[in-house]
Every structure is written in C-alpha cells, then in structure tokens.
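Asker: Numbering-wise, the sequence shown is residues -9 to 343 according to the working numbering.
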Amino acid sequence: MKKILLAFDDPGGGLAVSSILDTLLKESNSGFIIYSGKLSRRFLDKKDTEKFEIREIDSFINREEADKIFEKENPDIIITGTGGGNAEQELRNAAFRKNIKSIVILDFWKDYSRRWKYSDYSFEEMKDIVCVMDELTKKEMESENFKVENLMVTGHPYLDKIFSTNQYINKTETGFNGIGNILFLSQPLEIIGVKNYDTHPFELFLKAVGQFALKFNKYISVKIKLHPSENKSDEIVEIMNRYNKELLKVELVSKENSLSELIENCDLVAGYNTIALFEAKAAGKRAISLKVAKINNSLSRAMSDAGIEITGADTESIFSRLTEDSLVKADIKKFSGSIRNCVNVIMKELSLN
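(1) Considering Gly3, what are the terminal residues of the alpha helix (DSSP H) in which it resides?
(2) Alpha carbon to alpha carbon, what distance is there between Tyr187 and Lys41?
(3) Asp110 and Asn83 look like a contact to me (Cβ under 8 angstroms); what is the Cβ gap, rounded to whole Å?
(4) Alpha carbon to alpha carbon, how far is Glu43 from Asn76? Give it in angstroms, no decimals.
(5) Please report how far the alpha carbon of Leu126 lies from the alpha carbon of Ile95, in whole angstroms.
(6) Could you give the distance in angstroms between the alpha-carbon of Asp344 and the alpha-carbon of Glu54?
(7) In chain order, what residues of the same chain lie with their CB nearer than 7 angstroms to the CB of Ala266, ignoring the 5 residues before and after it?
(8) Would you report the Cα separation of Asn89 and Ile59, rounded to the nearest angstrom?
(9) Could you give the distance in angstroms between the alpha-carbon of Gly274 and the alpha-carbon of Glu299?
(10) Please state if the CB of Phe195 and the CB of Ile308 are separated by a distance shorter than 9 angstroms.
(11) Taking the runs of the alpha helix (DSSP H) that are 4 residues or longer, which of them lie wholly in the segment 13 to 78?
(12) Mind reading off the beta-carbon distance from Leu14 to Lys37? Whole number of angstroms is fine, and I expect it under 8 angstroms.
(13) So what's Ser94 in DSSP terms, helix, strand or just coil?
(14) So, are the CB atoms of Val259 and Ala270 less than 9 angstroms apart?
(15) Whose C-beta lies closer than 7 angstroms to the C-beta of Ser328 among residues of the same chain, with five residues either side of it excluded?
(16) What span of residues does the beta strand (DSSP E) with Thr301 cover, start to end?
(17) DSSP on Ala198, reduced to helix/strand/coil?
(18) Please report the straight-line C-alpha distance between Asn231 and Lys197, rounded to a whole angstrom.
(19) Would you kindly report the start and end of the unbroken beta strand (DSSP E) that includes Asn135?
(20) Taking 8 angstroms as the cut-off, does the segment 0 to 10 touch the segment 26 to 36 (at least 3 CB pairs, one atom from each stretch)?
(21) Express the C-alpha separation of Ile214 and Glu241 in angstroms, rounding to a whole number.
(22) For a quick check, are the C-beta atoms of Arg311 and Thr301 less than 9 angstroms apart?
So, in structure tokens, the structure goes:
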C-alpha cells in the first residue's frame, strides 16, 4: 500500500487541500497521514477520521523536523498547501532531497513566488507539480519564472465544493432596498498590499454606509469579523465608536462566531479579497470587494465569475454601489470539475511512482 502525506497550515490551504480528501479516500487504496496547522484542524472534523491519521504541525519547522517526519511516515507522495510559514515548504524541500513526488494545491490568485520563499531549490530545479486555478493564473506564474511543465490547470477545489453542492443557493440578489444587515470581512491591510493610507478603508466603508442610512432613513447593522491572523486594534475600535450612530450600529463579532452563520444572517457581505467573499456568493448573498490595492487579472476574473462586485475603495464609489441593484451574475460552471481534476493529477503521479 502506498502512503500519501498531506500537509496544510493556513486556512486557505486547508480549505483547498481538504476539499479533495473525500474523493481521494474513495479512489485511492493508500494510507493517509495529514499534518494540519491549528487554524485548519477544524476542516477535518466532519471527515471520516478512521481512514486517516491526523498530526499537528507548526507554521515554522526546521530541516531536521521535516526529515524526522519523512523518516516516521515514509510517504510515496506529498500534497501540500502554500501557507505563510515555512512548514509546507520544508516538507517540499525534504521531498526534493529524497526524490519523492510533490503536488502543491494553490489556493489564491496572488503572491505566487512568495509561496516558495523558503525553498532550497530554484524554479528551474523545481519538481513540484502545482495545481493552479485557471489559465490566467498559469500565465501569471510563468511570468514569475515558474516552468510551464510544473503547472497544471485544475481549477480551485474548494470553490468546486461550495458552488456545486446544495450549499449553493441560486436566488435573487438583494437589491439596495433589502440591505439591513451587513457583514464586513476584515483582513490585515499589509497582507493585501496596503502599506500606507490616509484613511483606513473600513472607515471609508462605514462613512458610505452611514450616508446610505441617512439618505434612505434606514437602520443598518454592520458586523465586522476579523481575519484569523488579525487582532483587534485600537484603530478599528476607534473607527467603530466614531460611526456608531442613531441609524448605524457597528459591532465586532468574536472570532468564535461561525462565519457560515454570520453570512446566512446578513443581507450583504463586504470585504477586500478574501476567499470568504466567494463563500458568501455560494450562499446566495450579495458580495462587494473593495479594491484597496492592485490585484491580479486572474483574481479579478475569478471574482467576476463568482458574481462578486468589485468597487473602488473611496466613499463615493462604495455609496454608489450600495444604491444600485447588483447586476453581476455568477458563472459558477467555471468552478466545476476542479476536485476531479486535482484527484486525476494525484492518481497519475501515484501510478508513476
């Protein structure tokens, strides 16, 4: 029996890699070991854990720790995400040294080279097979010196999962008259490319919502959910307090609050460029992305395909978007088949071992 080692640290990678697990378990007569980061462990809670072993992995490990994992598990192939730490890359480094097959599942449309920041090998030497979301992503990676033979266009397995199951609700978008409860998905600005600003984008958003509430004499609740890697800051608290007015209630929800429940109970979801905006669309909600920094063409296309509305991050643009009915229609067929494609890549590499 062959052995497959899967590893993911960040939630983004955890969602992408864990989405292929059910299909892979059914079709591959292999042993499975999963190394998961703390924030991603929850994605395995509803899986049939009798079919695989789970271990915890830190965001940062050293070469010796990676080698010990390989000595203990002796995998025939590894499947990894691309987290912000070095853990997954140290495992890929070990696979490279030991000439063991390595498959990487990309989970977002940016920072491609950075995901190999801790690599011991060059892109020219790289043996990893990388499952990428679409042809645009592939071209963008090629422009960053990735070799075309390392890139396989499979689609995004997590988007395939959420848009093709009964979680997807095909219903009429909420027009501006139906906006009463808003969920704002925060992210650390530095990780989305914002280093300097005069006014925080969240404040510009609340200003627009406040103008909207006054114009239509409408009570609006805005709940803000911080990113898993984000801590409550004095700046965010000050902004919230400043805009808590008669027609506008702004509150910070706990990190323990279920994102799916928050999405279910809101009329509109807004944020920057998080995967959770795609989750909102899969749940049939209107979703608005504030363009606070330059984004790749591939991300812009994926958002449009999902039906996410992209708007400028200035108050005037946001206000205009809020007062217009959504005209963006999802083309979710573009996300289908991604799980199947990823599993096919893995099964092919297993058969070549």
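The beta-carbon is built from N, C-alpha and C at its ideal position, and this holds for glycine as well.
Answerer: According to the data block:
(1) According to the DSSP assignment, Gly3 belongs to the alpha helix (DSSP H) that extends over 1 to 8.
(2) Cα-Cα distance, rounded: 49 angstroms.
(3) Correct: roughly 4 angstroms between the Cβ atoms.
(4) Answer to the nearest angstrom: the Cα atoms are 22 angstroms apart.
(5) Distance between the alpha carbons of Leu126 and Ile95: 16 angstroms.
(6) Because the chain is modelled from -9 through 343, residue 344 falls outside the range shown and cannot be assessed.
(7) The residues Leu175, Leu249, in chain order, have a CB closer than 7 angstroms to that of Ala266 in the same chain once the five nearest residues on each side in sequence are set aside.
(8) Asn89 and Ile59: Cα-Cα distance of roughly 15 angstroms.
(9) Rounded to whole angstroms, Gly274 to Glu299 spans 13 angstroms at the Cα level.
(10) Closer than 9 angstroms, so yes.
(11) Secondary structure remark: continuous alpha helix (DSSP H) runs of at least 4 residues inside the segment 13 to 78, in chain order: 53 to 63.
(12) Rounded, the Cβ-Cβ distance is 11 angstroms, inconsistent with contact.
(13) For the sequence presented, residue 94 should be read as Val rather than Ser. Val94 falls in the strand class under three-state DSSP.
(14) Taking 9 angstroms as the Cβ cut-off, Val259 and Ala270 qualify as a contacting pair.
(15) Cβ-Cβ distances below 7 angstroms link Ser328 to Thr144, Gly145, His146, Pro147, Leu149, Asp150 in the same chain, with the five nearest sequence neighbours on each side left out; the list follows chain order.
(16) In the DSSP assignment, Thr301 falls within the beta strand (DSSP E) that extends over 299 to 302.
(17) Correct three-state label for Ala198: helix.
(18) Roughly 12 angstroms separates the two Cα atoms.
(19) It is not in any beta strand (DSSP E) - Asn135 carries neither H nor E in the DSSP assignment.
(20) A contact exists between the segment 26 to 36 and the segment 0 to 10.
(21) Their backbone Cα atoms lie some 6 angstroms apart in a straight line.
(22) Yes.
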